[in-house]
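S.K.:
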Amino acid sequence: MIQKTKYLDNIQTIVGHNGAIYDIIYQDGFLFTSSADKFVAQWDVTTGQQTNFSIKSDFSVYNIDYSPTSNLLVLGNNRGEIHVIDLAKKEEIKLIQHHKSAVFSVKYCSKNNQFYTADKDGVFCAWDGNTLDLLITLPFACGKIREISLNEDESHLVLCGQDGVVRVLETNFFNVVYSFKAHEDGLNCALFDNENLYTGGKDAYIRKWNWRDEKRLLNIPAHNFAVYDLAFLDNKTKIVSVSFDKSIKLWNAEDLSIIEKIEFRQGGHRHVVNRIAKIDENMFATISDDRKIKVWKLR
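According to my numbering, the sequence shown is numbered sequentially starting from 9.
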């Protein structure tokens with residue numbers, strides 16, 4: 009029997025993938041997902057139905073992002089390849105073979121019209137959003153970069169590396185302007201809030217920093233195992249986290265006090281929860297190794 013929740017309602021459970029789901033993004037009423045079944049699929053958020061758009065890859069796609077400027081979907085796979093898909097034409101327009109290891113991070117920057125990618129070996133690349141030409145390659149030797157996170161005006165980005173160090177780069181010339189140790193066992197995700205930065209680590213902690221002062225403001229043992237993703241809700245007053253421990257948690261952003269915990273018995277996921285896609289200020293979707301997409305709404 010599913011236990012009643014106080015603040016979050018599961019309004020949609022979408023089934024269709026035949027393997028663990030690795031990444032999810034939201035765009036204009038649709039969710040895009042990538043899975044261990046080697047498919048990238050598109051889903052209607054309102055109906056939960058799969059559209060007629062899908063991509064079959066020869067290798068698992070770990071990360072995806074979208075450019076509204078060019079209507080391009082960019083996919084990074086476990087062989088280090090980057091596939092660029094024109095959504096209007098529904099065809100691949102470029103295959104980039106530059107990374108030497110699995111691509112774990114893809115992020116589009118609208119300010120510069122650039123794509124950023126990063127891999128298992130700690131190599132970061134920037135690509136022109138129009139020509140898809142390589143602009144820069146930076147090897148950081150930080151281990152796997154699980155996420156690239158941009159701040160609000162896209163003037164800075166954070167690389168979330170396996171060595172647990174926060175590396176803040178400015179997005180004009182990609183110089184490292186701030187660097188500090190955030191987590192002992194690896195940095196998995198980061199979320200900007202102006203001068204503040206929230207980080208989630210393999211050590212199961214969520215920490216709040218003033219990233220310009222490199223000062224830690226809050227230190228919360230948030231989950232039983234690694235924190236995999238973070239997202240804001242309700243005009244940045246709340247934060248959602250997901251974890252290797254299979255749970256979803258809702259937090260007060262100001263002091264990181266817990267509001268609600270969602271596990272399988274509350275209608276949550278049966279296995280590891282990998283990523284979050286924010287839909288609007290009151291809705292988000294989560295994905296899991298249980299092959300399900302769950303859409304949640306804040307009451």
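Ideal placement from N, C-alpha and C gives every residue a C-beta, glycine not left out. Fair warning: this is a prediction, and the values are worked out from it, not measured in the lab.
1. Looking at Y15 and I267, is the spacing between their C-beta atoms short of 8 Å?
2. Contact check, G169 vs F148 under 8 Å by CB: the rounded distance?
3. Are there three or more Cβ pairs, one per stretch, closer than 8 Å when the segment 239 to 249 is compared with the segment 290 to 300?
4. Scan the segment 211 to 282 and note each continuous alpha helix (DSSP H) run of 4 residues or more that stays entirely inside, going in chain order.
5. Counting C-beta neighbours from all protein chains within 10 Å, is the total for D221 16 or more, i.e. buried, or is it exposed?
6. Kindly list the residues whose CB is nearer than 7 Å to the CB of L258, restricted to its own chain and excluding five residues on each side of it in sequence; keep chain order.
7. Quick one: residues in its chain with C-beta nearer than 6 Å to the C-beta of R87, no 5 flanking neighbours on either side, listed in chain order?
8. Per DSSP, D94 forms a beta bridge with which residues?
9. In angstroms with no decimal places, state the Cα-to-Cα distance between K305 and K12.
10. Taking C-alpha atoms, which residue in K46, V303 and L81 lies nearest to N26?
11. Under three-state DSSP, which class holds M9?
12. What does L143 pair with, by DSSP beta-bridge criteria?
13. Of the choices I90, D127 and L95, whose alpha-carbon is the least far from that of K102?
14. Can you tell which of S255, V48 and Y206 has the C-alpha that lies nearest to the C-alpha of F61?
M.R.: Reading from the atomic positions:
1. A Cβ-Cβ contact shorter than 8 Å links I267 with Y15.
2. Between F148 and G169 the Cβ distance is about 7 Å, and since that is below 8 Å, they are a contact.
3. The answer is yes - the segment 290 to 300 touches the segment 239 to 249, with three or more Cβ pairs under 8 Å.
4. List check, alpha helix (DSSP H) in window: nothing returned.
5. With fewer than 16 other Cβ atoms from the protein chains shown falling within 10 Å of its own Cβ, D221 counts as exposed.
6. The answer, listed in chain order, is Y15, L16, K246, V248, I267 and E268.
7. Only residues of its own chain outside the window of five on either side were considered, and among them F67 have a CB closer than 6 Å to the CB of R87, listed in chain order.
8. Paired residue(s): L80 and E99.
9. Taken atom to atom, the span from the alpha-carbon of K305 to that of K12 is near 14 Å.
10. Restricting attention to K46, V303 and L81, the CA atom closest to the CA of N26 is found in K46.
11. In this structure, M9 counts as coil in the three-state DSSP scheme.
12. As DSSP reads the structure, L143 sits in no beta bridge.
13. Per the Cα distances, I90.
14. Checking every option, the nearest Cα to that of F61 belongs to V48.
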